[in-house]
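K.L.:
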Amino acid sequence: MTDNFGPPETQGPYVPPNIIIPEDWNEARLILTDYLIKAAEAINAREIGQYQDASIDAGGENISDTITGQTWFTPGNPNLFRYGSRTVVNIGALQNAGTSQGAHGIPVTSNTVFTYIGGVASIPGTTYLPLPFADVAGSNIEVTVDGTNVNVITGIDYSSYTQCYIVLEWIESV
660 MTDNFGPPET
670 QGPYVPPNII
680 IPEDWNEARL
690 ILTDYLIKAA
700 EAINAREIGQ
710 YQDASIDAGG
720 ENISDTITGQ
730 TWFTPGNPNL
740 FRYGSRTVVN
750 IGALQNAGTS
760 QGAHGIPVTS
770 NTVFTYIGGV
780 ASIPGTTYLP
790 LPFADVAGSN
800 IEVTVDGTNV
810 NVITGIDYSS
820 YTQCYIVLEW
830 IESV
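Spelled out as structure tokens, the structure:
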């Protein structure tokens, strides 16, 4: 088991909040270079918490996806990383035992790999359901993605859930 109570620099990229710069320029240059390397590593290792609604252009493509800051491995090449992208699809109200859809605008090819599909449906201010939703009574909500849409499929009446947002994250294979 890992101890998560050590100093911050032992838990991942960390930039100390203060720095003492020596008077001697040669020493100062070494310290500043090391500090800038630590800053770049810490900045590059963060995940961007920006969630934009999918804006679809006239050609049907999403023009609002966000690079997440995530880097993904490439099978067979440990030195080649791929960057993840994210968008949010506003589905609106769910159906009475049917399929609610929203266009995602992602140019899906055989190289597209979805790394996360999930969201929340809500009766604003009262009830929130994680999506996909599994209910022991069988009132499940399924979420699928095809080349054009996000599909939220309900087996019973969930039409009182008037807000539904689905987050999609994906990478492109090489």
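So that you can map any letter, position 132 of the sequence shown is 791 in the working numbering, and since no number is skipped, the others follow by simple counting.
For each residue, glycine too, the CB sits at the ideal point set by N, CA and C.
1. Could you check where the beta strand (DSSP E) with GLU700 kicks off and where it finishes?
2. Near THR813, which residues of its chain fall below 7 Å by C-beta distance, leaving aside the five closest residues on each side in sequence?
3. Could you have a look at GLU659 and say whether DSSP puts it in helix, strand or coil?
4. Is it true that the region 722 to 730 meets the region 678 to 691, where meeting means three or more beta-carbon pairs spaced less than 8 Å apart?
5. Looking at THR771 and TRP829, is the spacing between their C-beta atoms short of 8 Å?
6. Looking at the secondary structure, which residues open and close the beta strand (DSSP E) in which THR771 lies?
7. Would GLN711 and THR768 qualify as a contact pair, given that the criterion is a beta-carbon distance under 8 Å?
8. Do ILE825 and LEU790 come within 8 Å of each other at the CB atom, strictly closer than that value?
9. Report all residues from its chain with a CB closer than 8 Å to the CB of MET660; omit the five preceding and five following residues, and keep chain order.
10. Can TYR673 and ALA701 be called in contact, C-beta distance under 8 Å?
11. By the 10 Å Cβ neighbour count, where 16 or more other Cβ atoms means buried, how is GLY718 classified, buried or exposed?
12. If you run the structure through DSSP and keep just helix, strand and coil, what is GLY821?
13. Should ILE750 be labelled buried (16 or more other beta-carbon atoms within 10 Å of its own) or exposed?
14. Three-state secondary structure (DSSP) at THR786?
15. Should VAL802 be labelled buried (16 or more other beta-carbon atoms within 10 Å of its own) or exposed?
16. Using alpha carbons as the reference points, say which of GLY735, SER744, ILE678 lies closest to ILE707.
P.N.:
By the coordinates alone:
1. Not the beta strand (DSSP E): GLU700 falls in the alpha helix (DSSP H), residues 684 to 703.
2. LEU753, GLN754, ALA756, GLY757, ILE800
3. Outside the shown range of the chain (660 to 833) lies residue 659, about which nothing can therefore be said.
4. no
5. yes
6. 771 to 782
7. no
8. yes
9. Annotation note: pLDDT 45 at MET660 (below 50); position unreliable, no value reported.
10. yes
11. exposed
12. According to the sequence displayed, residue 821 carries Thr and not Gly. It is coil, neither helix nor strand.
13. buried
14. strand
15. buried
16. SER744
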